[in-house]
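Student: Residue numbers (the numbering used here), protein chains in the order written: chain V, 2 to 188; chain L, 2 to 188. Input: one structure, supplied below.
Protein chains: 2
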Amino acid sequence: MGRVGLNQQKLVLAAADLADAEGFEAVTMSAMARRFEVKAASLYSHVASTADLRAQIAVLALGELAERAGAAVAGRSGSDALLEFASAYRDYARLHPGRYAATRHPLPEHLLAAGRAHAELTYAVLRGYGLGGEDATHAVRLIGSVLHGFTDLELSGGFSHSAPPSQESWLRAIEALDATLTRWARA
Amino acid sequence: MGRVGLNQQKLVLAAADLADAEGFEAVTMSAMARRFEVKAASLYSHVASTADLRAQIAVLALGELAERAGAAVAGRSGSDALLEFASAYRDYARLHPGRYAATRHPLPEHLLAAGRAHAELTYAVLRGYGLGGEDATHAVRLIGSVLHGFTDLELSGGFSHSAPPSQESWLRAIEALDATLTRWARA
DNA sequence: ACGTTTGCCTATAGGATGTAGGCAAATCAC
DNA sequence: GTGATTTGCCTACATCCTATAGGCAAACGT
């Protein structure tokens with residue numbers, strides 16, 4: 002049997018794709034072994050455990066998400082930045098549901114840096130609103146709550162089977178968020 | 002070996018408690034078998050599968066949550082109802098993280114009724130704001146997003162290790178929600 | 001060409017799910 | 001109370017997934 006030429010990166014990438022296609026739960030060592038036509042034990046040279054593999058997907062996803070969100074807000078500010086930031090976030094989650102699900106799993110201490118980039122991006126979006134101090138923290142938490150909450154409910158099917166289409170609700174939610182941040186900045 | 006006198010209700014209740022104590026993932030047939038000092042195979046007379054057991058926890062949790070939220074909004078309306086509704090929601094999630102996690106898992110068709118009660122309660126809260134038609138649906142989705150999003154991020158540790166305390170952010174979020182609903186009603 | 005690294009193997013043990021078939025305690029009918 | 005039925009639990013088994021240990025040979029560096 003020749004070698005497949007596997008390494009950690011290829012493994013994690015394929016695992017992320019499997020997560021998007023079959024769900025985060027479907028990511029197992031056995032499944033990856035089947036995917037590469039390799040014995041499951043062989044994978045442990047590339048990854049420490051199933052939990053580690055899944056954490057690596059989260060790291061990958063957080064990086065990709067930060068990249069897209071960063072590109073979306075570059076050169077924009079205020080409402081414009083907020084809308085593009087939010088859209089990038091939701092689009093990523095809908096395009097990559099498995100990767101997005103991975104980001105919700107708690108990361109081990111030594112991989113935590115990946116999560117930080119995202120929070121900092123949210124602060125960057127806020128800069129256009131002129132919010133500072135504790136207001137900024139409250140705002141970051143509110144933005145995170147709305148984006149994650151809406152996305153999560155939409156992905157788990159909570160908004161389907163009922164009119165109007167969720168896209169409209171999404172725009173209303175982002176508008177409301179913009180109005181709130183503007184109001185907070187005035188006070 | 003005498004009988005333990007197990008039935009579905011006892012099993013699901015104990016499983017829900019285990020979920021709260023050890024996490025939703027910890028709910029397995031083997032774990033429940035250990036808990037009741039019974040062989041794992043014996044549990045299949047009470048529950049069809051692990052997935053079924055977990056779905057039953059979701060049904061239980063949705064019922065309990067609807068009960069508490071219902072009690073919280075009884076006799077109140079407007080901002081007052083919204084705040085109490087939101088508090089009941091968050092308090093339940095913090096007191097019963099495992100049960101709350103269960104509600105996020107998609108339910109099989111035949112158990113879906115349990116989820117409906119919650120959505121209807123949200124509509125009831127809205128009544129005080131005088132929102133109707135599509136506005137009401139957008140509002141329900143926004144409320145759900147904020148409550149679930151904040152709660153979920155808070156539970157997964159996103160808000161810890163940073164000042165100010167999340168309780169303040171929570172109150173600000175609910176205030177903002179109230180202001181948004183009021184604004185929507187005026188338009 | 002030689003030594004080292006690295007990718008993959010076999011063997012093995014443990015733990016979880018789920019099915020089949022059986023026995024006996026509890027419950028119900030009369 | 002005796003008999004029939006239901007119900008709670010059992011053993012035995014097949015299957016799948018995780019994870020460790022130890023080994024071999026292909027690929028790579030020099």
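C-beta atoms are modelled at their ideal positions from N, C-alpha and C, and glycine is treated no differently.
When you compare each of V:A82, V:E23, V:A115, V:H106 to I144 (chain V) by their alpha carbons, which one comes out closest?
Tutor: Here the closest residue by C-alpha is V:A82.
Student: If you draw a straight line from the alpha carbon of E26 (chain L) to that of D153 (chain V), how long is it in whole angstroms?
Tutor: Rounded to the nearest angstrom, the two C-alpha atoms are 19 Å apart.
Student: Taking the alpha carbon of S50 (chain L) as the point to measure from, which residue in L:Q9, L:G158, L:Y124 has its own alpha carbon closest?
Tutor: Nearest option by C-alpha distance: L:Q9.
Student: I believe Y130 (chain L) touches A186 (chain L) by the beta-carbon criterion, under 8 Å. Please report the beta-carbon distance rounded to the nearest angstrom.
Tutor: Right, the Cβ-Cβ distance comes to about 5 Å (below 8 Å), so this counts as a contact.
Student: I'd like to know whether the C-beta of A180 (chain V) is nearer than 8 Å to at least one C-beta of chain L.
Tutor: Yes, because at least one Cβ of chain L sits closer than 8 Å to the Cβ of A180 (chain V).
Student: To the nearest angstrom, how far is it from the Cα of I98 (chain L) to the Cα of A20 (chain L)?
Tutor: According to the sequence shown, residue 98 (chain L) is Pro rather than Ile. If you take the alpha carbons of P98 (chain L) and A20 (chain L), they lie about 8 Å apart.
Student: Rounded to a whole number of angstroms, what is the C-alpha to C-alpha distance between A70 (chain L) and A59 (chain L)?
Tutor: Straight-line Cα distance between these residues: approximately 16 Å.
Student: Comparing C-alpha positions only, which one of L:P107, L:L61, L:H47, L:L12 sits nearest to F37 (chain L)?
Tutor: Nearest of L:P107, L:L61, L:H47, L:L12 to F37 (chain L), Cα basis: L:L12.
Student: So which residues on chain L does G129 (chain V) lean against when the C-beta distance must stay under 8 Å?
Tutor: The contacting residues do not exist; G129 (chain V) stays about 18 Å from chain L at best.
Student: Please list the residues of the segment 130-151 of chain V that have a C-beta atom closer than 8 Å to any C-beta atom in chain L, keeping them in chain order.
Tutor: Answer set for the segment 130-151 of chain V: E135, T138, H139, R142, L143, G145, S146, V147, L148, H149, G150, F151.
Student: In whole angstroms, what separates the C-alpha of I175 (chain L) from that of R117 (chain V)?
Tutor: Each residue's Cα considered, the two are about 26 Å apart.
Student: With 9 Å as the limit, tell me which residues of the segment 72-105 of chain L have their beta carbon closer than that to any beta carbon of chain V; keep them in chain order.
Tutor: Within the segment 72-105 of chain L, the qualifying residues are R105.
Student: Less than 8 Å separating the beta-carbons of P165 (chain L) and E135 (chain V)?
Tutor: Contact flag set, yes.
Student: If you measure from the beta carbon of S31 (chain L) to each beta carbon in chain V, is any gap under 8 Å?
Tutor: No, S31 (chain L) lies away from the interface with chain V (no Cβ there is under 8 Å from its Cβ).
Student: Anything in chain V within Cβ reach of S161 (chain L), meaning under 7 Å, just list it in chain order.
Tutor: What S161 (chain L) touches in chain V: nothing, since even the nearest Cβ is about 11 Å away.
Student: Roughly how many whole angstroms lie between the Cα atoms of V5 (chain V) and S43 (chain V)?
Tutor: Between V5 (chain V) and S43 (chain V), the C-alpha separation is close to 11 Å.
Student: For A115 (chain V), would you say it is in contact with chain L, using Cβ-to-Cβ distances shorter than 8 Å as the test?
Tutor: Judged by the 8 Å Cβ criterion, A115 (chain V) is not in contact with chain L.
Student: Just the C-alpha distance for V147 (chain V) and A16 (chain V), rounded to the nearest angstrom, thanks.
Tutor: Computed Cα separation, rounded: 28 Å.
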